[in-house]
Structure formats: structure tokens, C-alpha cells
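Anchor point for the sequence shown: position 54 equals 53 in my numbering, and the numbering is continuous, going up by one each time. All C-beta atoms in this analysis are idealised placements derived from N, C-alpha and C, irrespective of residue type, glycine included. I have placed the structure first, in the form of C-alpha cells, so that the comments after it can refer back to it.
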Amino acid sequence: MISEEEPLPDALRADRRTFVEKNIYDAADWYDVDYAAYRGEFTFYRLLVARHARTGVVVELGAGTGRLTLPLCEDARLHAVEPSASMRGRLLDKRAKAGFDDARLCVEDGVAAAFVGPDAPVKLVIFAFNGVLHLSSRDELRRSFEHIRRKLDDDGSFALDLTPPYWETMLRGSVPWGRIDERVHPQSGRRFLTCDRSSYEAATRTTRIDIRYAYADNNDDDGVQITLRQHMWTTPEILQALHDTGFVVDSCFGNVDLSPFSEGSPRLLVSATKR
Ligand SMILES: C[S@@+](CC[C@H](N)C(=O)[O-])C[C@H]1O[C@@H](n2cnc3c(N)ncnc32)[C@H](O)[C@@H]1O
Numbered sequence: 000m001i002s003e004e005e006p007l008p009d010a011l012r013a014d015r016r017t018f019v020e021k022n023i024y025d026a027a028d029w030y031d032v033d034y035a036a037y038r039g040e041f042t043f044y045r046l047l048v049a050r051h052a053r054t055g056v057v058v059e060l061g062a063g064t065g066r067l068t069l070p071l072c073e074d075a076r077l078h079a080v081e082p083s084a085s086m087r088g089r090l091l092d093k094r095a096k097a098g099f100d101d102a103r104l105c106v107e108d109g110v111a112a113a114f115v116g117p118d119a120p121v122k123l124v125i126f127a128f129n130g131v132l133h134l135s136s137r138d139e140l141r142r143s144f145e146h147i148r149r150k151l152d153d154d155g156s157f158a159l160d161l162t163p164p165y166w167e168t169m170l171r172g173s174v175p176w177g178r179i180d181e182r183v184h185p186q187s188g189r190r191f192l193t194c195d196r197s198s199y200e201a202a203t204r205t206t207r208i209d210i211r212y213a214y215a216d217n218n219d220d221d222g223v224q225i226t227l228r229q230h231m232w233t234t235p236e237i238l239q240a241l242h243d244t245g246f247v248v249d250s251c252f253g254n255v256d257l258s259p260f261s262e263g264s265p266r267l268l269v270s271a272t273k274r
């Protein structure tokens with residue numbers, strides 16, 4: 000029987016080198032290698048900041064390493080909420096480099112269902128880039144949206160974006176290691192290889208994605224294998240949850256180019272106000 004490692008190049012095989020296994024958000028450096036330069040949703044959130052947050056504060060839930068936080072902070076005061084120490088640490092480093100003080104960008108260790116938030120009125124809450132897929136039960140989704148609503152000013156707005164369920168993985172149950180790619184590390188300039196696999200657990204509606212990273216120039220370095228777990232919320236479920244928790248949708252797009260949302264859209268970018 001062919002082992003699942005066999006189709007991989009030597010550098011990416013776990014029977015040829017050690018891979019240190021981590022949760023994706025405990026490997027903030029690799030998160031940034033993959034995503035820091037991607038700005039797809041920035042226009043959507045920037046327009047909302049311009050509309051809602053000329054005064055008051057923007058709360059960003061799951062701010063991560065600050066991919067959107069730092070550029071949005073050019074136009075508004077931000078309060079970033081992030082539960083992962085590794086992601087928060089990197090965000091704080093970037094804040095220091097950008098020269099923003101605590102009044103311009105405050106960073107809180109918290110989660111969507113229980114963040115404290117700023118003292119000033121909250122005009123906009125954003126939960127970007129699939130953050131909502133980390134709310135892993137209906138109860139947590141409802142409690143989070145209710146808490147966000149309570150924290151928002153009366154004329155405030157809540158916005159989020161997500162990718163609809165990965166139907167291929169869900170239908171097949173699992174997709175083996177593949178999507179092998181060779182890239183250059185943006186900081187060190189070293190060549191590295193990457194690949195991924197995914198699996199779906201129907202009982203918990205959770206997709207698990209494993210991604211390996213391994214330098215191509217030295218086989219003695221350990222590789223890293225990170226794991227991302229996401230709850231497969233459908234877009235109607237998220238829209239329904241907004242309605243059920245007292246929000247009314249005021250804009251809805253199907254992709255980062257702000258094309259209209261329809262069934263089959265690759266993304267949902269939605270903003271809602273208090274009903
Ligand atoms: C896909 S990342 C997005 C990070 C960042 N917003 C971006 O656009 O790059 C999702 C973030 O949500 C955080 N997170 C996970 N569970 C959360 C929760 N219950 N409440 C708020 N944030 C959460 C993770 O630690 C992670 O940093």
C-alpha cells in the first residue's frame with residue numbers, strides 16, 4: 000500500500016524529516032508568510048470605517064497579526080481583540096514599528112463572545128477573514144453576535160466576511176497531501192516547500208486543514224506542520240444568525256471586488272446595523 004507520504008518530495012515527507020506540529024495561530028510567523036501581503040477585503044472594511052467610524056472606535060475581533068488592523072488604523076482608532084498569544088505578540092511588534100500608541104491601537108486578549116472593548120463608543124465591529132468560522136457551536140455564534148450587538152453604539156455597524164463551506168472536502172471526507180508549491184520566504188529569502196491536506200468530520204461539522212512548510216536548502220532543519228480547524232457555517236446560517244440576534248443586513252457582497260452576493264459566490268462580505 001502506498002503511504003500518504005510517498006507522493007511528496009523528500010523535503011516534505013514526515014518519514015524523512017521531523018515536522019513540529021502546531022495550531023496555526025501558535026505559528027504567527029508562518030501565518031504572515033502566507034497571508035500578511037493579502038489585502039483582498041481591505042476595500043470593504045475601509046469603506047465601512049469611512050462611513051461609520053469618523054468618531055468613536057472600531058473593534059476588530061480576531062485581529063490576528065494585524066494584516067488589516069495596521070492599514071485601517073491610518074484612518075481610525077482601533078481596538079484589536081485577539082485570543083492567541085503568538086498572533087497578539089506579532090501584532091504588538093508591528094504596532095511598535097508603526098509608531099501607534101495605545102490610544103490609537105489598543106490590543107486586548109479576548110474573544111468575540113466576551114471581549115471588554117474600549118471606553119469610547121463603538122461605531123463598527125469587524126470580524127474579518129473567516130474569524131467567524133472559529134465560533135464552533137450555534138450557542139457560541141449566538142452569544143458572540145449578541146455580545147457584539149450589546150457593545151455597539153446605537154447607530155453602529157457589524158461586518159464580517161467568510162468563505163462558504165469547502166464542499167469538495169466535505170463530500171470526499173478527506174483530500175490527501177497535495178498542492179505542492181515552492182516559494183521564497185519573504186524575510187529570509189530562503190526557498191521553502193509547502194503542501195496541504197484536508198479532512199472533514201461530519202459529527203462536529205469541522206474541517207481540518209494541515210499545512211507543511213519545510214526549507215528546501217537544508218534537510219537538517221525541522222519542518223513545521225500547522226493545523227487549522229474551522230466550523231463549516233453556511234452563508235444562510237450566518238445571515239439567519241444576524242437576523243436572530245437583532246441585526247438587519249445593509250450590504251452584502253459575493254467577493255472582495257464587491258460584486259453582488261448570490262448562491263455560489265466565493266465569499267460573503269456582509270455588514271449589518273442594529274434593528
Ligand atoms: C483567520 S484569522 C484572521 C486574522 C486577521 N483578522 C486577518 O485578517 O489576517 C482568525 C483569527 O481569529 C482568532 N480567533 C479565534 N477564535 C476567536 C474567537 N472566538 N473570538 C475572536 N477571535 C478569535 C484567531 O486567533 C485568529 O487570529
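Check                                                                                              : Outcome
Near ligand 1: A36 beta-carbon under 8 angstroms from a heavy atom                                 : no
Candidates V223, K273 and A27, of which the one nearest T64 by Cα                                  : A27
3 or more residues per run - each beta strand (DSSP E) lying fully within the region 222 to 259    : 222 to 230 and 246 to 252
Opposing strand residues paired with F157 [DSSP bridges]                                           : V124 and A271
Bridge-paired residues (DSSP) for N129                                                             : BP columns for N129 are empty, so no partner.
Limits of the alpha helix (DSSP H) - the one that S143 falls within                                : R137 to K150
Coil, strand or helix - L69 by DSSP                                                                : helix
Buried or exposed (CB count within 10 angstroms, at least 16 for buried), W166                     : exposed
Buried versus exposed, by CB contacts within 10 Å (16 or more), K96                                : exposed
F41 in three-state terms, based on DSSP                                                            : helix
F18: CB within 8 angstroms of a non-hydrogen atom of ligand 1                                      : no
Residue burial classification, T234 (beta-carbon count within 10 angstroms, cutoff 16)             : buried
DSSP three-state assignment for T206, whether helix, strand or coil                                : strand
beta-carbon M86 near ligand 1 non-hydrogen atom, thresh 8 angstroms                                : yes
Inter-residue Cα distance where the pair is A113 and D9                                            : 45 angstroms
Within the region 166 to 216, ranges of the alpha helix (DSSP H) (whole runs, at least 4 residues) : 166 to 171
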